[in-house]
Every structure is written in C-alpha cells, then in structure tokens.
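Input: a single structure, listed below in structure tokens.
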Amino acid sequence: MILGIGFNKISAEKKKMAADKLQVNNNVEIRNIEKAEIGGAKKETEGIKVTFAFKTSYSPSIGEILLEGELVAVEDKKVAEEALKEWKKNKTLSKELLREVMDSILARATIEAVVISREISLPPPIPFPKVSDRQDKPVQPNQPYIG
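Once you know that position 106 of the sequence shown is 90 in the numbering used here, the rest is easy, because the numbers rise by one and skip nothing.
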C-alpha cells in the first residue's frame, strides 16, 4: 500500500518554441529501493522507500521537465524483504509491486508535469481529450500534437 509520494527536486527548462511536429516522451527511472522506518506500522508489515526520477523530454529538443522524489509504501514483511533482496541482487521488482509503484509515480508526476509545462509554456506531457464531430476521424493515439 502506497503511503505517499513527494518530490525533492523539480527542474524545468524551455529552450525554444514548440515545433509543428513534436514527440513527447515520459520516462520513469527507479533509482533505489531501501527499507523505510514507519512509526505505528503493524509488526507483520515493513516500509520501503523508492527513490525515482520522472523525465518529460521533447523531440525536437525544445525543453525538458525533471522531477526527482521518493515514494513510501507499506507491504507485508515477506513481500518487502523479498523486494529489498531482489533489488539489491538484480535491480528489479516483482511485477505486482512494480505495477503498484509505477502507477502511483506516473499518476502523481504526470499531474505535476502538466502544471509545470503550463508555467513555462511547454506542451503538456500528455494529450488532452478533444471534442470532434461524428463525421471526423478519431485522433490516432500516436499522432503528434502541440497541446
């Protein structure tokens, strides 16, 4: 169970105006996982802290948004110990834990990146829904956009 996510570094840079054809790429990098001391947690649970970076980049290179932070989760003691062991050995996580962690990071970081992109006049990191007539073709998922 995810207890919280916080950012300890927020960086954004706009290099030039947006181009007509633009690709937006979002990437999450899990940098480290370690044990987290959680006061009041049940004896059969253990806390883990995930250090991460979320980066929005644009092609052509018109700017960049970088968010670094930490996620804290409480898991069953066995699950947490296995996650810490697997990370130390192979720098990987189980599919279930990875999905939980990545979904939480993406949800929080994407919202923050949308706000930051607006503040420095970069296109948003995700496409927003658009209203269209029924006769119009639907927007293709990988179609370039400026926002």
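Glycine is no exception: its CB is placed at the ideal position from the N, C-alpha and C atoms.
Answer with buried or exposed for E(-3), where buried requires no fewer than 16 other C-beta atoms within 10 angstroms of its C-beta. Within the sequence shown, the letter at position 13 stands for residue -3. So E(-3) counts as exposed.
Which residues bound the beta strand (DSSP E) around T76? Counting from one through the sequence shown, the residue named residue 76 turns up at place 92. Unbroken run through T76: none, as it is neither H nor E.
How would you label R92, buried or exposed, when you count the other beta carbons within 10 angstroms and need 16 or more for buried? What you label residue 92 is simply residue 108 of the sequence shown in a count that begins at 1. With 16 or more Cβ atoms within 10 Å of its Cβ, R92 is classed as buried.
Please determine, among E103, I(-11), S105, the residue with the shortest C-alpha to C-alpha distance to V34. Indexing the sequence shown from 1 puts residue 34 at position 50. Measuring from the Cα of V34, the nearest candidate turns out to be I(-11).
Where does the unbroken beta strand (DSSP E) through V115 begin, and where does it stop? As a working mapping, residue 115 is identified with position 131 in the sequence shown. From DSSP, V115 is part of no beta strand (DSSP E); its letter is neither H nor E.
By how many angstroms is the C-alpha of Y42 removed from the C-alpha of S105? To locate residue 105, count along the sequence shown from 1; it is residue 121. To locate residue 42, count along the sequence shown from 1; it is residue 58. If you take the alpha carbons of S105 and Y42, they lie about 13 Å apart.
Among V99, D60, S45, which has the Cα closest to the Cα of I110? In the sequence shown, the residue the question calls residue 110 occupies position 126. Here the closest residue by C-alpha is V99.
Please name the residue, chosen from A67, N74, K27, that lies closest to E80 on a Cα-to-Cα basis. By 1-based counting over the sequence shown, the position of residue 80 is 96. Measuring from the Cα of E80, the nearest candidate turns out to be A67.
Give the single residue among V58, A97, I(-6) whose Cα lies nearest to the Cα of G23. To locate residue 23, count along the sequence shown from 1; it is residue 39. Ranking V58, A97, I(-6) by Cα distance to G23 puts V58 first.
Would you please state the rounded distance, in angstroms, between the beta carbons of E65 and E30? I believe it to be under 8 Å. In the sequence shown, the residue the question calls residue 65 occupies position 81. In the sequence shown, the residue the question calls residue 30 occupies position 46. Sure, about 7 Å apart at Cβ, within 8 Å.
Contact check, F38 vs R15 under 8 Å by CB: the rounded distance? By one-based count along the sequence shown, residue 38 stands at place 54. By one-based count along the sequence shown, residue 15 stands at place 31. No, F38 and R15 are not in contact; Cβ-Cβ is about 11 Å, not under 8 Å.
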